[in-house]
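Take a look at the structure set out below.
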Amino acid sequence: MKNSKSVFRIFAATLGTAFVISGCGASGSTADYAKSSADTAAYGLYEEASMADEAPVSESGQPEAVVKDDSRKLITTVNMSAETEDLSVTMSNVEKKVSELSGYIESSNIYNGTSYSGYSSSRSADLTIRIPAEHLDEFVESVEGTNNITNKSVNVEDITLSYVDTQSRKNALRTEEKRLLEILESAETVEDLVTIEDKLADVRYELESIESQLRSYDNQVNYSTVYLSISEVARFTPVEKENAFTRMGKGFMDSLSDVGNGIVEFFVWLVSHLPQILLFVIVIVILVLIIKAINSSSKKRRIKKMAMMQQNAPAMQPVQPNKQNQGVPVNTEKGKDGNK
152 MKNSKSVFRI FAATLGTAFV ISGCGASGST ADYAKSSADT AAYGLYEEAS MADEAPVSES
212 GQPEAVVKDD SRKLITTVNM SAETEDLSVT MSNVEKKVSE LSGYIESSNI YNGTSYSGYS
272 SSRSADLTIR IPAEHLDEFV ESVEGTNNIT NKSVNVEDIT LSYVDTQSRK NALRTEEKRL
332 LEILESAETV EDLVTIEDKL ADVRYELESI ESQLRSYDNQ VNYSTVYLSI SEVARFTPVE
392 KENAFTRMGK GFMDSLSDVG NGIVEFFVWL VSHLPQILLF VIVIVILVLI IKAINSSSKK
452 RRIKKMAMMQ QNAPAMQPVQ PNKQNQGVPV NTEKGKDGNK
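Under the numbering used here, think of the first position of the sequence shown as 152, with each following residue one higher.
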């Protein structure tokens, strides 16, 4: 039964192909329409025959459902924030562990800290690490064992359905490519060759795109991604809840430490800015001396001006007291007639 159906389908497909080839030489809209219809029918029969031939058959002769691979395609992403007392040692341990587990560091951004205007910031590093999925737990445990973890999140994405659909589309395109190559060998006119080659180019372009997507899926599934942020600190952030007395004592010690750090930072700022402070003091002293000199010069000019004004003023004659007219000034000037 199955063989008879297959022969019938192959015969129909051959007949459709013959119509395509014969229709290419005809002219007018009727011939073009017949060509495209036959071409479509041929492709559909080829695909249907292929699916029927490839499907497994039960003892009763009926095709069975295709059993798909039950393995899951999982993409695992881990975000971690860790604290360390020595960033250099931690970075060395992380790099060594990544190499030991056959992983690699996809990107690395190390911040060595800065110190300006009396303020300083600690060192830190942001890493994007790719670890083989089977070694992910081992790597995470190694980071947790040597550092203080302040934040951790794990995200698992199941792409099994998308992967299977993409793989099925790839297989269908492979089959279509094979059929087009077979039709291309039997083409008799240039128009047939051009049409089939254009269709073949489109199929191959889509096939390359799908294969690229599958490779990307495989890379993400086989290598889990770890986003690791490491900060260098003087004291680890507590992860356990503390009672009130412990928190008060720790708060007091932290405040005392902050005061001490503030004093130290002030002296650091003072010493680091000492040249600017000395230059500022020198400029202020020079300005004060200039202002004093200007005031002294102005005072001297005023005194000299007053002395000159006194010299230019008319002299007053002294009063000659006598018995007849005491207190009346004696006029020593001569009158117009020459008498005194």
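Built from N, CA and C at the ideal position, the CB exists for glycine as well. Keep in mind that this is a model prediction, so the values were computed, not measured.
| Query | Result |
| --- | --- |
| For VAL384, three-class secondary structure by DSSP | coil |
| Rounded separation between ARG274 and ALA385 - CA only | 11 Å |
| Cβ pair count under 8 Å reaching 3, the stretch 338-347 against the stretch 233-244 | no |
| Unbroken alpha helix (DSSP H) run spanning LYS450, endpoints | 425-463 |
| Which listed residue (LEU407, HIS424, LEU287) has its alpha carbon closest to that of THR228 | LEU287 |
| Contact belief for ILE282 with VAL249 at Cβ below 8 Å, rounded distance in angstroms | 7 Å |
| Beta-carbon contacts of GLU328 that lie in its chain and below 8 Å, excluding the five residues immediately before and after | LEU351, VAL354, ARG355, LEU358 |
| Cβ neighbour criterion (16 or more within 10 Å) applied to ILE454 | exposed |
| SER380 and ASP277 closer than 8 Å at C-beta | yes |
| Neighbour-count burial assignment, THR241, 16 or more Cβ in a 10 Å radius | buried |
| C-beta contact flag for ILE361 and ILE310 at 8 Å | no |
| Opening and closing residue of the beta strand (DSSP E) in which GLU257 lies | 255-262 |
| Among GLU295, MET399, GLU308, SER304, nearest to ASN244 - alpha-carbon criterion | GLU295 |
| Distance between ASP405 and TRP420 (C-alpha atoms, nearest Å) | 22 Å |
| Three-way DSSP call (helix, strand, coil) for ASN322 in this model | helix |
| LYS247 vs TYR368 beta-carbon contact at 8 Å | no |
| Spatial neighbours of LEU332 in its chain, beta-carbon cut-off 6 Å, leaving aside the 5 residues before and after | none |
| Distance between LYS303 and ALA284 (C-alpha atoms, nearest Å) | 17 Å |
| Nearest to THR297 (by Cα), restricted to the options ILE414, ILE441, SER232 | SER232 |
| PHE290 versus TYR262 - alpha carbon distance | 23 Å |
| LEU429 versus GLY411: straight-line alpha-carbon distance, rounded | 26 Å |
| Beta-carbon separation (whole angstroms), VAL377 vs ILE280, contact threshold 8 Å | 4 Å |
| Residue nearest to ASN306 in terms of C-alpha spacing, selected from PRO426, SER375, ASN463, ILE445 | SER375 |
| Contained alpha helix (DSSP H) runs [length at least 4] in the stretch 274-298, N- to C-terminal order | 287-297 |
| Proximity below 8 Å, CB of LEU252 to CB of GLN318 | no |
| Reduced DSSP category for SER222 - H, G, I as helix; E, B as strand; rest coil | coil |
| Opposing strand residues paired with ASN230 [DSSP bridges] | SER304, TYR378 |
| Coil, strand or helix - THR235 by DSSP | strand |
| Identity of the residue in ALA323, GLU348, LEU324, PRO426 nearest LEU335 by Cα | GLU348 |
| N-terminal and C-terminal residue of the alpha helix (DSSP H) that SER363 is part of | 341-373 |
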